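> Under mature numbering (1 follows the signal peptide of the UniProt record, and there is no 0), residues -21 to -1, 1 to 185 are what the sequence shown spells out, in order.
Take a look at this one; I'll ask things after.
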Amino acid sequence: MGFNGLLLCLALTLPGMAVMATEQAPIKEKAEQKAQVLEEKAADKVSAAPAPKSEAITPTEAQAVDPAGAAPLDDPLTCLARSIYWEAKGKDNAEMEAVANVVMNRLGHEGFPDTVCAVVKQGSETKSCQFSWWCDGRSDQVKEDAEYALAKEIAGKALNRQLTDRTHGALYFHDRNVHPGWAREYTKTAETGKFLFYKPAGGDAR
């Protein structure tokens, strides 16, 4: 394709992309508003039951948030989806759901913050990140669209309280290939093919 042909393709494609982004904006805004309400209820432990249909984030709404996987991490759905993606991308749904479970179990728990983004970013100020991907010095922009779409779907379900807790209340996890000293002091609650999950014996965060 010649240079003029390339320009013509861009001229035809860019307006369509702009229209799509404009159409997605109200859906994205609605999803972020729902996510904030659901986050507050989860932090306050208002109910463990699934969110009513009118309050739940729909799959379409979840996918409208951070479509390129490059947005700032400043809303619950993006922070949760990006954590699921970076911690467990390339694994099966069970691995990804279990990571979501840990974030949601921490949300509002004594010893942890009361927003999803604060949970994900906890420890970054002292370079002792709870989720290593957040302060590993690498770009956090998504690279695999399909896997990120799945992460957003799972994040939406987690905020909707539609996920079974595969970890049985775990507040911590680690890869099977590492052996952190803290694991000996904690009670193992579950395991998947890649991860082991724990909570303190007394149930208190440390």
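Glycine included, C-beta positions come from ideal geometry on N, C-alpha and C.
What you are looking at is a predicted structure, and each value in this text was computed from that prediction instead of being measured.
Tell me the residue span of the alpha helix (DSSP H) that contains lysine 136.
Here the alpha helix (DSSP H) through lysine 136 covers 124 to 138.
> Under 8 angstroms: do the segment 136 to 143 and the segment 11 to 18 share three or more Cβ pairs, one atom per stretch?
Touching, per the Cβ criterion.
> I need the straight-line Cα distance from lysine 9 to proline 92, nearest angstrom please.
When rounded, the distance between both Cα atoms is 24 angstroms.
> Check whether the segment 161 to 175 touches the segment 116 to 132, counting contact only when three or more Cβ pairs, one atom from each stretch, lie closer than 8 angstroms.
With the cut-off at 8 angstroms, the segment 161 to 175 and the segment 116 to 132 do not touch.
> Cα separation between serine 62 and valine 99?
About 7 angstroms.
> From the DSSP secondary-structure annotation, give me the bridge partner or partners of alanine 169.
According to DSSP, alanine 169 bridges with Phe176.
> Spatial neighbours of alanine -11 within its chain, please: CB distance less than 7 angstroms, with the 5 preceding and 5 following residues excluded, ordered by chain position.
Confidence at alanine -11 is low in this model, with a pLDDT of 45, below 50, so its placement is unreliable and the value that follows should be read with caution. Within the same chain, alanine -11 has no close Cβ partners at all.
> In whole angstroms, what separates the C-alpha of glycine -6 from that of glutamine 3?
Because the pLDDT at glycine -6 is just 47, under 50, the model does not fix this residue reliably, and the value given afterwards should be weighed accordingly. When rounded, the distance between both Cα atoms is 12 angstroms.
> Excluding the 5 residues preceding and the 5 following arginine 145 in the sequence, name in chain order all residues of the same chain whose CB lies nearer than 7 angstroms to its CB.
Same-chain partners within the cutoff: Ala73, Glu76, Ala77, Asn80, Ala169.
> Who does residue 188 pair with in a DSSP beta bridge?
In this structure the chain extends from -21 to 185, so residue 188 is not present and cannot be described.
> Where alanine 50 and valine 44 are concerned, what is the direct C-alpha to C-alpha distance, given to the nearest angstrom?
Rounded to whole angstroms, alanine 50 to valine 44 spans 9 angstroms at the Cα level.
> Kindly indicate which three-state DSSP category arginine 117 falls into: helix, strand or coil?
Of the three classes helix, strand and coil, the one that applies to arginine 117 here is coil, per DSSP.
> Beta-carbon within less than 7 angstroms of glutamine 120's beta-carbon, same chain only, minus the 5 sequence neighbours each way: which residues are those?
Answer for glutamine 120: Gly48, Ala49, listed in chain order.
> Cα separation between glutamate 132 and histidine 88?
Cα to Cα, glutamate 132 sits roughly 24 angstroms from histidine 88.
> Nearest-angstrom Cα distance between alanine 67 and histidine 153?
When rounded, the distance between both Cα atoms is 11 angstroms.
> Answer yes or no: do alanine 21 and leucine 86 have a C-beta to C-beta separation smaller than 8 angstroms?
Taking 8 angstroms as the Cβ cut-off, alanine 21 and leucine 86 qualify as a contacting pair.
> So the candidates are Asp23, Tyr177, Pro159; which of them puts its Cα closest to the Cα of lysine 167?
Comparing Cα positions, the closest option is Tyr177.
> Could you have a look at leucine -8 and say whether DSSP puts it in helix, strand or coil?
Residue confidence for leucine -8 is low, a pLDDT of 41 falling below 50, so the modelled location carries little weight and cannot support an answer.
> Roughly how many whole angstroms lie between the Cα atoms of leucine 164 and proline 5?
The residue you asked about is not leucine; residue 164 is glutamate in the sequence shown. Taking the straight line joining both Cα atoms gives about 47 angstroms.
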